[in-house]
Amino acid sequence: MFMRNLFFSLAVFVAYPVLAVENSPKLGKSAPQTLQKNWNLDIFPDGTGLPAGSGTAAQGKKVYQQYCLSCHGVDGTGDSADELAGAKHGLTDTVPDKTIGTYWPYATTIFDFTRRAMPLNAPGVLNNDQLYAVTAYLLYLNHLVKETEVINASTLPKVKMPNRDGFINSYQPKK
Amino acid sequence: MSKHNEMQAVAGGGLLDRRLFLKKGLSFSALALSADVLAAELDAPRPEWAQKPGTPFSNYGHPSRYEQKTIRWTMGNAMAAGNGVSWTPLQDLEGMITPSGLHFERHHNGVPQIDPAQHKLLIHGLVNQSLVFTMEDLQRYPMTSVLCFIECGGNSNAGWQTQPIQTQVGYFHGMASCSEWTGIPLRLLLNEAQIKGRAKWLIAEGADASLMNVSLPLDKALDDCILALYQNGERIRPENGYPLRLIVPGWEGVVNVKWLRRLHLTNQPTMARNETSKYTELMPSGKARQFTFVMEAKSLITQPSFGHKLKQPGLYQISGLAWSGRGKIAKVEVSADGGKTWAEAQLQEPVLSKCFTRFRIPWQWNGQQAILKSRAIDETGYVQPERDVLVKSQGQHGYFHYNAIVSWEVASNGSISHVYA
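Protein chains in written order, with our numbering: chain A, 1 to 175; chain B, 176 to 596.
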């Protein structure tokens, strides 16, 4: 009996997904600018969202050694956590090597992800200059920038990623 | 129909008519045997637990102490215990609902212990009115339930390995679970914020230590997604996203963002790490498929499966799960002869869209080597592929979205192993 009722109400939901829900209590409050500014960490491939600040691979090496090496290994070759650089194989080899250099399509993703989530044991600890520097260092380890190249909001989106065109958008919206 | 006909095989290897168990007057030969053995103990007028009052009430129930082996297997990172996965023990469960405490987990940096009084949901970006909601606000909205599976895009990835993995079905395919999720249709809150015409994507973000984020196409968000506050009738547990989880029915687990705190409407995806570096499938050509959200049809036999042992020849019930991210399961076929012949299994009601569907079929095991397989067909006509077909089209390095037919070999001594057949 229980299942029958359950099934019935679900069938109704599936058939009429709108229900009477368009009548809502409308309790959302206007979001303060500071909340939007503080919470919006999204960075896009064109550089939208990147903050002020800058760094070089030379500076980033120190950041890496202090905050990243313990899990990602010497020169980013991987340890308890993912390999980030030093690929020995390409993407069509029998055992492909997916690193930032061989696989990642956008350099901006390194900054976005590191700012959100790394170092895993102390997320949020790095300031923007340190974030740019360690991003530059990871790019340098993958032979994508020079050691002294300044990485900032305008140069980072321009870094040419080898696998930039390696992805096929497979999403097909429902007709 | 006479009893003789009912016991006649409908496919090779001893598969019987799926309606067999629904008929009266049939008894398991194996069951009859074990009843004799148990009889002596049950003969006593009062078993031990009937000779004194039972234990008192409890504020929150727990499984029987005799069921302690039914647990999630967990695998955390050596340097970061909160990074890893836990699996649902599918081999020990029946029916279609996964108990909340056994729902699989994938955490990037542990389970945040969120105070709901301090948690907020922000909706901003390409909307006319950026809005913020408290959890108390959300409680007042009209709610609805969706019964659906959530499956990690990386579930079953051991299937890509050259040798068949020898482990219980839960530790191979258990990054899939099924719950009743109750909450607010997402469309309702997005409409309240008034979406701008240019918006095409929605970036969802959690409040965990990784501030996990992914991009979701807006058309799906407006279709059947909900903001869930409840799982299986109670508030969602911390490890499943308390106090708020985005439920995206039929789509890979990673987009079902837990601990949801922010929805950013945009005209482009953010290209987050979890939609570029991970959750993309590298193909033999060297190109990778991206935004492969839908979990295609899959099925597997959970009883009997690896680790179970058939004690003697006789009548058994094969039982398993099937699901599809595209809709309802239309049919499940089972083979007991390695795929030479197939018989249709019984689907247990209710059969719901994007939801675990339990299938069953009776099987007369003759004590000889047999290979059991199941294949799901969904309402769009999609047929779950054989492993060699899947590997041929996708290569072996896609890692995500493995949904090939699973084969269990029953040896003549009744033990069961995983094979590629």
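For each residue, glycine too, the CB sits at the ideal point set by N, CA and C.
Do aspartate 553(B) and arginine 501(B) have their C-beta atoms closer together than 7 Å? Contact: yes.
Glycine 581(B) versus alanine 497(B) - alpha carbon distance: Sequence check: residue 581(B) is valine here, not glycine. Rounded to the nearest angstrom, the two C-alpha atoms are 12 Å apart.
Alpha carbon to alpha carbon, how far is glutamate 524(B) from glutamate 152(B)? Give it in angstroms, no decimals. Because residue 152(B) is not part of the residues shown, which for chain B are 176 to 596, the question remains open.
So what's valine 581(B) in DSSP terms, helix, strand or just coil? coil
In angstroms with no decimal places, state the Cα-to-Cα distance between cysteine 530(B) and threonine 357(B). 14 Å
Do the region 432-442 of chain B and the region 377-387 of chain B make contact, defined as three or more Cβ pairs closer than 8 Å? yes
List the whole-angstrom C-beta distance separating leucine 297(B) from leucine 419(B), where the pair is believed to meet the contact cut-off of C-beta under 8 Å. Actually they are not in contact, since the Cβ atoms of leucine 297(B) and leucine 419(B) sit about 12 Å apart, beyond 8 Å.
Report the neighbours of asparagine 332(B) on chain A: residues whose CB is nearer than 8 Å to its CB, in chain order. Close partners of asparagine 332(B) in chain A (Cβ separation under 8 Å) are lacking, with about 14 Å as the shortest Cβ gap.
Please list the segments of the beta strand (DSSP E) lying wholly inside the region 90-174 of chain A, counting only runs of 3 or more residues, in order along the chain. 167-169
Taking 7 Å as the threshold (beta carbon to beta carbon), is glycine 589(B) in contact with chain A? no
Alpha-carbon to alpha-carbon, histidine 576(B) and asparagine 330(B): About 7 Å.
Just checking: is the beta-carbon of lysine 160(A) within a distance shorter than 7 Å of some beta-carbon in chain B? no
Output yes if chain A places a C-beta closer than 7 Å to the C-beta of serine 480(B); else output no. no
Quick one: residues in its chain with C-beta nearer than 8 Å to the C-beta of glycine 408(B), no 5 flanking neighbours on either side, listed in chain order? Excluding sequence neighbours, glycine 408(B) sits near Glu355, Thr357.
Among Met161(A), Leu139(A), Gln172(A), Asn169(A), the one whose alpha carbon lies nearest that of glutamine 59(A): Leu139(A)
Closest Cβ-Cβ distance between phenylalanine 2(A) and chain B: below 7 Å? With a pLDDT of 39 at phenylalanine 2(A), under the threshold of 50, the modelled position of this residue cannot be trusted; read the value that follows with caution. Cβ-Cβ to chain B under 7 Å: no for phenylalanine 2(A).
When DSSP labels each residue in this structure, what does leucine 490(B) get in the three-state scheme? In the structure shown, the three-state DSSP call for leucine 490(B) is strand.
Grouping DSSP H, G and I as helix and E and B as strand, with all else coil, what is valine 344(B)? coil
Quick one, are the C-beta atoms of alanine 253(B) and serine 70(A) less than 7 Å apart? no
Tell me the DSSP secondary structure of leucine 50(A) in three-state form. coil
Residues of chain B with CB under 9 Å from lysine 29(A), in chain order? Leu306, Val307, Phe308, Thr309, Asp312
Just to confirm my understanding: we take alanine 207(B), look at its own chain, exclude 5 residues before and 5 after, and list those with CB closer than 8 Å. What are they? With a pLDDT of 44 at alanine 207(B), under the threshold of 50, the modelled position of that residue is not reliable, and the figure given next carries that caveat. Closer than 8 Å at Cβ, skipping near neighbours: no residue.
Among the residues of its own chain, which have a CB less than 8 Å from the CB of valine 134(A), if the five just before and after it don't count? Gly55, Gly60, Val63, Tyr64, Tyr67, Cys68, Thr114, Leu126
Suppose you measure from the CA of arginine 535(B) to the CA of valine 509(B); what does that come to, to the nearest Å? 9 Å
Could you round the C-beta distance between glutamine 341(B) and glutamate 456(B) to whole angstroms and report it? I think they count as a contact, below 8 Å. The distance from the Cβ of glutamine 341(B) to that of glutamate 456(B) is about 25 Å, inconsistent with a contact at the 8 Å cut-off.
Starting from glutamine 478(B), follow the beta strand (DSSP E) in both directions and report where the run begins and ends. 473-478
Tyrosine 405(B): first and last residue of the uninterrupted beta strand (DSSP E) it sits in: Element bounds for tyrosine 405(B): 401-406.
What's the C-alpha gap between leucine 156(A) and threonine 108(A)? 6 Å
Under 7 Å between C-beta atoms of alanine 186(B) and alanine 518(B): Cβ distance < 7 Å, so alanine 186(B) and alanine 518(B) count as in contact.
For the alpha helix (DSSP H) containing leucine 84(A), list its first residue and its last residue. Neither: leucine 84(A) is in no alpha helix (DSSP H) and is coded neither H nor E.
Of all the beta strand (DSSP E) runs that stay within the bounds of the region 542-578 of chain B, which reach a length of 3 or more residues? DSSP runs (the beta strand (DSSP E)) wholly in the region 542-578 of chain B: 545-553.
Going along the chain, which residues of its own chain have a beta-carbon closer than 6 Å to the beta-carbon of alanine 396(B), five neighbours each way excluded? Leu361, Leu377
Where threonine 249(B) meets chain A, residues with beta-carbon distance less than 8 Å: The contacting residues do not exist; threonine 249(B) stays about 16 Å from chain A at best.
First and last residue of the uninterrupted beta strand (DSSP E) at tryptophan 376(B): 376-381
Going along chain A, which residues have a C-beta under 9 Å from alanine 297(B)? The question names alanine, but residue 297(B) in the sequence shown is leucine. Neighbours of leucine 297(B) on chain A, chain order: Ala31, Leu35, Gln36, Trp39, Asn40.
Does the count of Cβ pairs from the region 537-546 of chain B and the region 297-316 of chain B closer than 8 Å reach three? The region 537-546 of chain B vs the region 297-316 of chain B: no contact.
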